[in-house]
Every structure is written in structure tokens, then in C-alpha cells.
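The sequence shown begins at 1 in UniProt numbering and counts up by one.
Heads up, the beta-carbon is just placed ideally off N, CA and C, and yes, glycines get one too.
Okay, so here's the structure we're looking at.
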Amino acid sequence: MSGRTPSTRLADTIGARPVSASAVVYPGKVWDVVSEDVDLGRAGTVTREIIRHPGAVGVLALDDEGRVALVHQYRHPVGMTLWELPAGLLDVEGEPPLLAAQRELAEEADLRAGRWDVLLDWVLSPGGSTEAFRCYLARDLSPVPEADRHQRDGEELDMPTEWFDLDEVHTAVLANRLNSPSLVVGVLAAHASRALGWSTVKPADSPWPEHPKLR
């Protein structure tokens with residue numbers, strides 16, 4: 001460290017530019033493609049096609065032995081089966097992000113957590129999508145009782161959960177063996193935060209202004 005005072009300018013600015021026209025070009029099952037005319041000031045008005053996405057949450061579930069719960073899921077757009085964090089869309093109307101994360105952890109990994117924190121927030125493809133992602137850190141884990149477990153169907157039937165040491169996953173990320181963006185960012189953040197005594201995590205109910213619908 002140089003000892004310099006951190007610049008207050010080194011932070012993204014939230015605030016949309018004026019939109020003079022907006023139309024749905026393609027209504028999809030999960031997200032829509034929208035065309036918007038945006039006033040960029042001196043650059044004039046430009047037309048942008050945007051994927052309007054509901055956003056998503058993921059969970060880095062860390063047990064007392066320093067292991068992370070990962071699910072193995074096939075992703076057809078890239079033709080790959082990826083190791084991923086338990087995660088899901090914010091597609092239930094009115095469901096708070098924390099509740100969505102708790103539901104996804106239970107449904108995909110049969111796990112509950114006694115402690116929840118926000119590990120990191122980010123946007124996945126800001127040049128073309130509204131998708132915002134919040135990654136939670138879940139600790140004090142326990143299994144969901146058999147009688148209360150989610151009955152999986154569809155693609156979830158072939159999504160096994162396995163445990164890996166956080167250091168091992170971190171090494172695999174840096175070796176370019178893992179490609180899921182939520183896993184890559186979440187693991188890098190968790191590995192760094194753990195080295196700092198988890199001083200960087202935020203309360204589970206922290207505001208999330210980066211999500212367009214939660215500002």
C-alpha cells in the first residue's frame with residue numbers, strides 16, 4: 001500500500017439518462033429485448049437494444065471446514081456443464097433478494113444457513129443487459145430436513161451438489177478451469193475477504209441500488 005488516501009471518485013455513479021422512446025422488440029419467457037432512445041447529452045440521442053433482466057442472486061455457502069457447496073449444471077448456450085454457486089432469478093414478484101437466496105440454497109443444495117451476509121454485488125453485462133447479481137455469503141450451515149426438501153424436477157434432476165475446499169476452488173479459478181461468472185467473482189471475493197477477517201462483507205439486508213428495480 002502506498003499510504004495515499006483513497007479517491008472518492010473511484011466509484012460508479014447511479015443515475016439513468018433520459019429515455020424518449022421505449023418499445024419491447026421481443027417478449028421472452030425470462031427476459032425481454034427492449035429498444036430505447038437514450039439522450040446522452042453532447043453525444044446526442046442514440047438507440048440501444050437492451051435485455052431487460054429480472055436480476056439474480058447466488059450463494060457462496062461455506063461450511064466450518066472451509067468448504068464451498070457447488071452445483072454441477074449444464075448450460076446449453078455455451079455447451080458446457082459448469083460448476084456453479086447455488087443461484088436463481090429474482091422472478092417471484094415481491095420476493096426480497098435475501099428470501100430468494102435462502103430459497104435457492106434450500107432448493108438446489110438442501111441447505112439452510114444461520115448466518116447471512118452480502119459478499120458482493122455486480123452487474124454482469126452492462127453494455128447490453130440490466131442484469132444485476134448479488135452474491136451472499138452463507139455460514140453456520142445445516143441440512144434441510146428430509147421431509148421439508150424441495151422436490152426437484154426438470155433440469156434440477158441432474159444437478160448434483162458437491163463440496164470443495166475454498167482454496168482449491170480459488171486455485172481452479174486462477175487456472176482458468178472454472179467459467180461460471182458468479183462462481184469466479186464470488187470465489188475471488190470470498191478468498192480475499194476471508195484473508196481480511198471477513199471485514200468487507202455487508203449486512204444481509206443492505207440496500208442494492210445497482211439493481212434497476214431496487215433503487
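1) Measuring alpha carbon to alpha carbon, tell me which residue in T5, L10, D167 and E93 is nearest L214.
2) Quick check for students: name the residue ranges of the beta strand (DSSP E) that lie wholly in the UniProt domain "Nudix hydrolase" (51-187), counting only runs of 3 or more.
3) Let me know if G128 comes out buried or exposed under the rule of 16 or more other beta-carbons within 10 Å of its beta-carbon.
4) Give the secondary structure of S22 by DSSP, where H, G and I count as helix, E and B as strand, and everything else as coil.
5) Run the CB neighbour count on D158, radius 10 Å, all protein chains shown included, and call it buried at 16 or more, exposed below.
6) What would DSSP say about P212, mapped onto helix, strand or coil?
7) Can you give the Cα-Cα distance for R112 and D148, rounded to whole angstroms?
8) Just verifying my parser: in three-state terms, what is the DSSP assignment at S193?
9) Between W116, L178 and H76, which lies nearest to K202 when the distance is taken from Cα to Cα?
10) So, L82 versus S180, is the Cβ gap smaller than 7 Å?
11) Given R134, which residues of its chain have a CB within under 7 Å of its CB, disregarding the five upstream and five downstream residues?
12) Please report the straight-line C-alpha distance between Q151 and L90, rounded to a whole angstrom.
13) Beta-carbon within less than 6 Å of L178's beta-carbon, same chain only, minus the 5 sequence neighbours each way: which residues are those?
14) In three-state DSSP terms, what is R48?
15) Please classify G197 as buried or exposed, where buried requires at least 16 other C-beta atoms within 10 Å of its C-beta.
16) Whole angstroms is fine: what's the gap from D32's alpha carbon to H76's?
17) Whose C-beta lies closer than 7 Å to the C-beta of V24 among residues of the same chain, with five residues either side of it excluded?
So, from the data block:
1) Of the listed residues, the one whose Cα sits closest to L214 is E93.
2) Listed in chain order, the complete beta strand (DSSP E) runs (minimum 3 residues) inside the UniProt domain "Nudix hydrolase" (51-187) are 56-61, 67-75, 80-84, 87-89, 111-123, 132-143 and 161-165.
3) By the neighbour-count rule (16 or more Cβ atoms within 10 Å), G128 is not buried but exposed.
4) S22 falls in the strand class under three-state DSSP.
5) Exposed: under 16 other Cβ atoms inside 10 Å.
6) Helix at P212.
7) Approximately 11 Å, taken between the alpha carbons.
8) For S193, the secondary structure class from DSSP, reduced to helix, strand or coil, is helix.
9) Distances from the CA of K202 to each of W116, L178 and H76 were compared; the closest alpha carbon is that of W116.
10) Against a cut-off of 7 Å, the Cβ pair of S180 and L82 comes out as a contact.
11) Taken in chain order, the residues that qualify are V57, P97, V118, D121 and W208.
12) The alpha-carbon atoms of Q151 and L90 are separated by roughly 20 Å.
13) The answer, listed in chain order, is W83 and A172.
14) Residue state, collapsed to three classes: strand.
15) Taking a 10 Å sphere around the C-beta of G197, we find fewer than 16 other C-beta atoms and assign the residue as exposed.
16) Their Cα atoms are separated by approximately 19 Å.
17) Contacts found: D32 and V34.
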